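Visitor:
Protein chains: 2
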Amino acid sequence: MEKNIPSISESEWEIMNVLWDKAPQTANDIILSLQESTDWKPKTIRTLLDRLVQKDVVGVNKDLRIYTFYPLYTQEKCQRAETESFIKRIYGGTLKSMLVQFIQEDTLSEDDINELRFILNKKPKKQ
Amino acid sequence: MEKNIPSISESEWEIMNVLWDKAPQTANDIILSLQESTDWKPKTIRTLLDRLVQKDVVGVNKDLRIYTFYPLYTQEKCQRAETESFIKRIYGGTLKSMLVQFIQEDTLSEDDINELRFILNKKPKKQ
DNA sequence: AGTATAGTATTACATACGTAATCAAATAAA
DNA sequence: TTTATTTGATTACGTATGTAATACTATACT
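Structure follows, in structure tokens:
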């Protein structure tokens, strides 16, 4: 029984990325990390973090006075969930249809394409 | 000078898909289409349509008493814009990183992979 | 002509999200 | 010990979104 991953908003993803990079972290750790990449006020970051906790996407350890936070789902799981709903919404359901478009519209460089060929070929055949 | 495409919400995408399928259409046409795939009330659909008009993603022809609506951007353009921001947010910017994950995690069937190989190989080499 | 009906326009209301500020409690510093 | 500082909890407020309902207006029918 896979439980549905709650939806993570754009800003919340920034927080998650910091936590996936390293966990657990205190709110202050996270604030310091994000101060480099965003111009959010500490209070803002704290709010986002609290919301992730409410959504049960982030867990809190309250044993010490200064709490520490950690992700409750792996990055891969969240990426996959987002991607599936994204592709369904935007491309009518198939990753392939998206790829076809990207390949055909020259979004991918020749190098990218070669690398993809390589990855696809490396992938072992099932039997 | 490319103008930025306004962001289209999840529900609004449903409307857009109907309009991309065929345009122009009256509000009623759209309502009928969506009544098959959703359980939205006509008024709801009308609201979504109006919002798309406000956002300048959909145009209206008011020459006749019963308006007709049509998309102001191609589906490809909107897909691409969404996809770029999506990939940046979720995968740190590269389509490739997403693909690698999907290929490695067996999300794609063997058939899909073969089809991708085919598409990639069909793609003419630039020079 | 009067009324039902179909479109359009306006208004509504709860929840999510972006972006914080204020309030309270506990610890650290003076 | 009194006070400043840090951390956590609660509250705020505008815009977007989901999901409509109500009000107005112009045809269509009786």
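If you're matching them up, the sequences are chains A and R in order. The opening residue of the first sequence carries number 1 in our numbering; numbering runs sequentially from there. The opening residue of the second sequence carries number 1 in our numbering; numbering runs sequentially from there. C-beta atoms are modelled at their ideal positions from N, C-alpha and C, and glycine is treated no differently. Since we're looking at a predicted model, the values are computed, not measured.
In its own chain, which residues sit with a C-beta less than 6 Å from the C-beta of A:Tyr70, not counting the 5 before and 5 after it?
Guide: Numbered from its first residue, the first sequence carries residue 70 of chain A at position 70. Closer than 6 Å at Cβ, skipping near neighbours: Ala23, Pro24, Gly59.
Visitor: Just confirm the distance between the C-beta atoms of A:Ile119 and R:Ile103, as a whole number of angstroms; I'd bet it's less than 8 Å.
Guide: Within the first sequence, numbered from 1, the residue matching residue 119 of chain A stands at position 119. Within the second sequence, numbered from 1, the residue matching residue 103 of chain R stands at position 103. A:Ile119 to R:Ile103, Cβ: 6 Å. Contact.
Visitor: Unbroken alpha helix (DSSP H) runs of length 4 or more, entirely within the stretch 6-35 of chain R: which are they?
Guide: Entirely contained in the stretch 6-35 of chain R, the alpha helix (DSSP H) runs reaching 4 residues are, in chain order, 10-21.
Visitor: Run through chain R and tell me which residues come within less than 9 Å of A:Glu76, C-beta to C-beta.
Guide: As a first step, residue 76 of chain A must be located in the first sequence, where it is residue number 76. The contacting residues are Gln101, Glu105.
Visitor: Below 8 Å on C-beta distance, what does R:Leu116 contact in chain A?
Guide: For this step, residue 116 of chain R is matched to residue 116 along the second sequence. Simply Lys96, Leu99, Leu116, Leu120.
Visitor: Which of the three DSSP states is assigned to A:Gln127 in this structure?
Guide: Stepping through the first sequence from its first residue, residue 127 of chain A is reached at position 127. Here A:Gln127 scores only 48 on pLDDT, less than 50, and its place in the model should not be relied on; the value that follows carries that caveat. If DSSP states are grouped into helix, strand and coil, A:Gln127 belongs with coil.
Visitor: Quick test of your reading: R:Pro6 and R:Val53, contact by CB under 8 Å. State the CB separation rounded to the nearest angstrom.
Guide: Here the question's residue 6 of chain R lines up with position 6 in the second sequence. Here the question's residue 53 of chain R lines up with position 53 in the second sequence. Rounded, the Cβ-Cβ distance is 11 Å, inconsistent with contact.
Visitor: Going by DSSP, which residues form a beta bridge with A:Thr68?
Guide: Taking the first residue of the first sequence as 1, we reach residue 68 of chain A at position 68. Its beta-bridge partners are A:Thr26, A:Asn61.
Visitor: Figure out for me which residue from A:Lys3, A:Glu10, A:Leu64 has the closest Cα to the Cα of A:Ala27.
Guide: Locating residue 27 of chain A in the first sequence gives position 27, where the first residue counts as 1. With distances taken between Cα atoms, A:Ala27 lies closest to A:Leu64.
Visitor: For R:Asn4, which three-state DSSP category applies?
Guide: Reading the second sequence from its first residue, position 4 is the one you call residue 4 of chain R. It is coil, neither helix nor strand.
Visitor: Taking 8 Å as the threshold (C-beta atoms), are R:Tyr91 and A:Gln35 in contact?
Guide: Within the first sequence, numbered from 1, the residue matching residue 35 of chain A stands at position 35. Within the second sequence, numbered from 1, the residue matching residue 91 of chain R stands at position 91. No, the pair does not count as a contact, with Cβ atoms beyond the cut-off.
Visitor: For A:Tyr91, does the three-state DSSP call read helix, strand or coil?
Guide: Within the first sequence, the letter at position 91 stands for residue 91 of chain A. Here A:Tyr91 sits in helix by DSSP.
Visitor: Kindly say whether R:Ile90, judged by its beta-carbon, lies nearer than 8 Å to any beta-carbon of chain A.
Guide: Here residue 90 of chain R refers to the residue found at position 90 when the second sequence is read from its first residue. Yes, because at least one Cβ of chain A sits closer than 8 Å to the Cβ of R:Ile90.
Visitor: Quick check: R:Thr83 and A:Met98, are their CB atoms within less than 8 Å of each other?
Guide: Here residue 83 of chain R is taken as the residue at index 83 of the second sequence, counted from 1. Here residue 98 of chain A is taken as the residue at index 98 of the first sequence, counted from 1. Against a cut-off of 8 Å, the Cβ pair of A:Met98 and R:Thr83 comes out as a contact.
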